[in-house]
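Everything on this sheet refers to the single structure shown next.
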Amino acid sequence: MKLATTAKLPRKTSAKVSDPDNPAWTEEMLGAPVLKRGRGPQAAPTKVLTSIRLDADVLAFFKSQGDGYQSRINDALRREVHRHRAGQPKPTTSKGLSA
24 MKLATTAKLP RKTSAKVSDP DNPAWTEEML GAPVLKRGRG PQAAPTKVLT SIRLDADVLA
84 FFKSQGDGYQ SRINDALRRE VHRHRAGQPK PTTSKGLSA
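Residue numbers for the sequence shown follow the working numbering, beginning at 24 and rising by one.
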């Protein structure tokens, strides 16, 4: 059985080292904090954030094609919407059911 050990604390030095070529940072030197998260608001929002459940094999297929898989899924759905609006027959799924 291993015995528990504790980490040794570093030695404390009483004298601070001052380097004139490398002064300590001050709040004035750093300036106001800048927070950037994400892309920010779109100039003309055209898309809606939503959650969708997809079959794992469908998602894997689109991801295997490289970056931009979400746009490709959107394009595939858009083609289906156009096909539906044009009155074209729906393709059948792999289960033999109408989509």
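We treat Cβ as the ideally placed atom computed from N, Cα and C, and that holds for glycine.
query: Inter-residue spacing [alpha-carbon to alpha-carbon] between I96 and T69; result: 16 Å
query: DSSP state of K70 mapped onto helix, strand, coil; result: coil
query: Whole-angstrom distance between L53 and N45, CA atom to CA atom; result: 15 Å
query: Residue interval of the alpha helix (DSSP H) (run including V81); result: A79 to S87
query: Simplified DSSP state of Q93, which is helix, strand or coil; result: helix
query: Distance, R62 Cα to V104 Cα; result: 28 Å
query: Collapsed DSSP secondary structure at D98 in the structure displayed; result: helix
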